[in-house]
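Working notes for the structure below.
Protein chains: 2
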Amino acid sequence: MPDQNEFENLLTNRNLKRTKTRILVLEVLKDSSPKTVDEIFSTLYQNHMKLSLSTVYRTCETLTEKGILSKVNLTDDGVARYEYMKSEHTHHAICLGCNKIIPIDDCPYGQFDQIMKSKYGFDVKSHHIEIYGYCQDCIRKREEKE
Amino acid sequence: MPDQNEFENLLTNRNLKRTKTRILVLEVLKDSSPKTVDEIFSTLYQNHMKLSLSTVYRTCETLTEKGILSKVNLTDDGVARYEYMKSEHTHHAICLGCNKIIPIDDCPYGQFDQIMKSKYGFDVKSHHIEIYGYCQDCIRKREEKE
DNA sequence: TTAGATGCAAATGTTTTGCAGGGCT
DNA sequence: AGCCCTGCAAAACATTTGCATCTAA
Numbered sequence: 001m002p003d004q005n006e007f008e009n010l011l012t013n014r015n016l017k018r019t020k021t022r023i024l025v026l027e028v029l030k031d032s033s034p035k036t037v038d039e040i041f042s043t044l045y046q047n048h049m050k051l052s053l054s055t056v057y058r059t060c061e062t063l064t065e066k067g068i069l070s071k072v073n074l075t076d077d078g079v080a081r082y083e084y085m086k087s088e089h090t091h092h093a094i095c096l097g098c099n100k101i102i103p104i105d106d107c108p109y110g111q112f113d114q115i116m117k118s119k120y121g122f123d124v125k126s127h128h129i130e131i132y133g134y135c136q137d138c139i140r141k142r143e144e145k146e
Numbered sequence: 147m148p149d150q151n152e153f154e155n156l157l158t159n160r161n162l163k164r165t166k167t168r169i170l171v172l173e174v175l176k177d178s179s180p181k182t183v184d185e186i187f188s189t190l191y192q193n194h195m196k197l198s199l200s201t202v203y204r205t206c207e208t209l210t211e212k213g214i215l216s217k218v219n220l221t222d223d224g225v226a227r228y229e230y231m232k233s234e235h236t237h238h239a240i241c242l243g244c245n246k247i248i249p250i251d252d253c254p255y256g257q258f259d260q261i262m263k264s265k266y267g268f269d270v271k272s273h274h275i276e277i278y279g280y281c282q283d284c285i286r287k288r289e290e291k292e
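Order-wise, the sequence lines are chains A and B. With the first letter of the first sequence counted as 1, position 15 gets the number 15 in the working numbering; the numbers rise by one all the way through. With the first letter of the second sequence counted as 1, position 14 gets the number 160 in the working numbering; the numbers rise by one all the way through.
Here it is as structure tokens:
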């Protein structure tokens, strides 16, 4: 299992112990859309993994501090989501019809850092962009209704 | 007080009663950066206005449903913020040093809707952009330290 | 061996809700 | 008058924390 080694390196490089929970959480989030702590916990729990919800909270927090995960506020439901931090820069499109989360490869932000610096004296470190609208499936369904 | 009338029209146009709490909440948020429910409540409470926290929650929710306010998740602190919905399109820069929220007039998004449509078949209705970094004040303070 | 991880339960903080009373139209 | 709005207190959730126990290094 190649991911196992990748995860173990990620952890040891940052002076984190290679524990069962941390590797399980990384396995769930790798190649997944952003998940809530409860979703991560439930996924593992249903797979008969024994672990505690508060440990998942602590794990996500630690992995975020170390830059392995990223905490995102995509929705207004008051629940935080975590995603595997990819080296590539990705944004999301969220469907208002079915809440599907679609990763977007392109970035609309462009060279805006320069404007932020010259106009506002602001030194940009990162940005989040979320795009809301309707996905292909929902557009099709709406058309079928008519 | 011209705002009073503006607010009353906003409410009556949407079949909402013109109540004291609603007008007070709108007064606080108009021309303000996004505030948490507790900040809105405290501001009014300190001005000797008698009202209940749960009413402020309900008011913000109602005004958001009617498109008068907008609920935003700018920070990772797990607390929702509301802002007065401006007709102009505004984004925010959030300072990682002092948490100051700076409104940004320009929009880096440009004509990205077209790419979303052609590449993802996604029909964009809105977008949120948050920019994180360091404001002028924090940059200056950091330089002084050195 | 020992600092760091975990499990459990209790605490915290935010947001929601039920219900009775009050205010707007 | 009638329905919507509000206050209060309690409930519901998400998240954090204290402490004893365990475990990777």
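Beta carbons: idealized from backbone N, C-alpha and C, even for Gly.
Rounded to whole angstroms, what is the Cα-Cα separation between residue i and residue j?
{"i": "Ile-179(A)", "j": "Ser-54(A)", "result": "Here chain A covers residues 1 to 146 and nothing more, so residue 179(A) does not appear."}
{"i": "Lys-212(B)", "j": "Thr-19(A)", "result": "48 Å"}
{"i": "Ile-294(B)", "j": "Asp-222(B)", "result": "Residue 294(B) cannot be examined here, being either before or after the span of chain B that is shown, 147 to 292."}
{"i": "Ala-239(B)", "j": "Tyr-84(A)", "result": "24 Å"}
{"i": "His-274(B)", "j": "Leu-74(A)", "result": "10 Å"}
{"i": "Lys-196(B)", "j": "Glu-154(B)", "result": "20 Å"}
{"i": "Asn-13(A)", "j": "Glu-6(A)", "result": "11 Å"}
{"i": "Cys-244(B)", "j": "Gly-110(A)", "result": "26 Å"}
{"i": "Val-218(B)", "j": "Cys-138(A)", "result": "25 Å"}
In the DSSP assignment, what are the bridge partners of residue i?
{"i": "His-235(B)", "result": "His-235(B) pairs with nothing; no bridge assigned."}
{"i": "Lys-217(B)", "result": "Tyr-228(B)"}
{"i": "Cys-241(B)", "result": "Gly-279(B)"}
For residue i, which three-state DSSP category applies?
{"i": "Arg-160(B)", "result": "coil"}
{"i": "Thr-19(A)", "result": "coil"}
{"i": "Tyr-45(A)", "result": "helix"}
{"i": "Ile-102(A)", "result": "strand"}
{"i": "Asp-113(A)", "result": "helix"}
{"i": "Asp-223(B)", "result": "coil"}
{"i": "Asp-184(B)", "result": "helix"}
{"i": "Ser-200(B)", "result": "helix"}
{"i": "Ser-179(B)", "result": "coil"}
{"i": "Lys-125(A)", "result": "strand"}
{"i": "Lys-66(A)", "result": "coil"}
{"i": "Cys-284(B)", "result": "helix"}
{"i": "Cys-253(B)", "result": "coil"}
Can you tell me which of the options puts its alpha carbon nearest to the alpha carbon of residue i?
{"i": "Cys-60(A)", "options": "Asp-76(A), Leu-24(A), His-48(A) and Thr-75(A)", "result": "Leu-24(A)"}
{"i": "Tyr-203(B)", "options": "Gln-192(B), Glu-185(B), Asn-193(B) and Met-195(B)", "result": "Glu-185(B)"}
{"i": "Phe-187(B)", "options": "Arg-227(B), Glu-152(B) and Asn-161(B)", "result": "Arg-227(B)"}
{"i": "Thr-90(A)", "options": "Leu-96(A), Gly-97(A) and Ile-101(A)", "result": "Ile-101(A)"}
{"i": "Phe-268(B)", "options": "Asp-123(A), Cys-135(A) and Gln-111(A)", "result": "Cys-135(A)"}
{"i": "Asp-251(B)", "options": "Cys-95(A), Cys-107(A) and Lys-119(A)", "result": "Lys-119(A)"}
{"i": "Thr-21(A)", "options": "Thr-36(A), Val-124(A), Tyr-45(A) and Asp-31(A)", "result": "Tyr-45(A)"}
{"i": "Ser-179(B)", "options": "Lys-232(B), Thr-208(B) and His-194(B)", "result": "Lys-232(B)"}
Considering only heavy atoms of the ligand FMN, does any lie closer than 6 Å to the CB of residue i?
{"i": "Lys-117(A)", "result": "The model on display carries no ligand, and the ligand FMN is accordingly not part of it."}
Going along the chain, which residues of the stretch 242–270 of chain B sit with their C-beta nearer than 8 Å to a C-beta in chain A? Leu-242, Ile-248, Ile-250, Asp-252, Pro-254, Tyr-255, Gly-256, Phe-258, Ile-261, Met-262, Lys-265, Tyr-266, Gly-267, Phe-268, Asp-269 and Val-270
Taking Cβ-Cβ distances below 7 Å as the criterion, which residues of the stretch 55–88 of chain A are in contact with chain B? Lys-71, Asn-73, Asp-76, Gly-78 and Ala-80
Could you list the residues in the stretch 122–141 of chain A with a C-beta less than 8 Å from some C-beta on chain B, going in chain order? Phe-122, Asp-123, Val-124, Lys-125, Ser-126, His-127, His-128, Ile-129, Glu-130, Ile-131, Tyr-132, Gly-133, Tyr-134, Cys-135, Gln-136 and Ile-139
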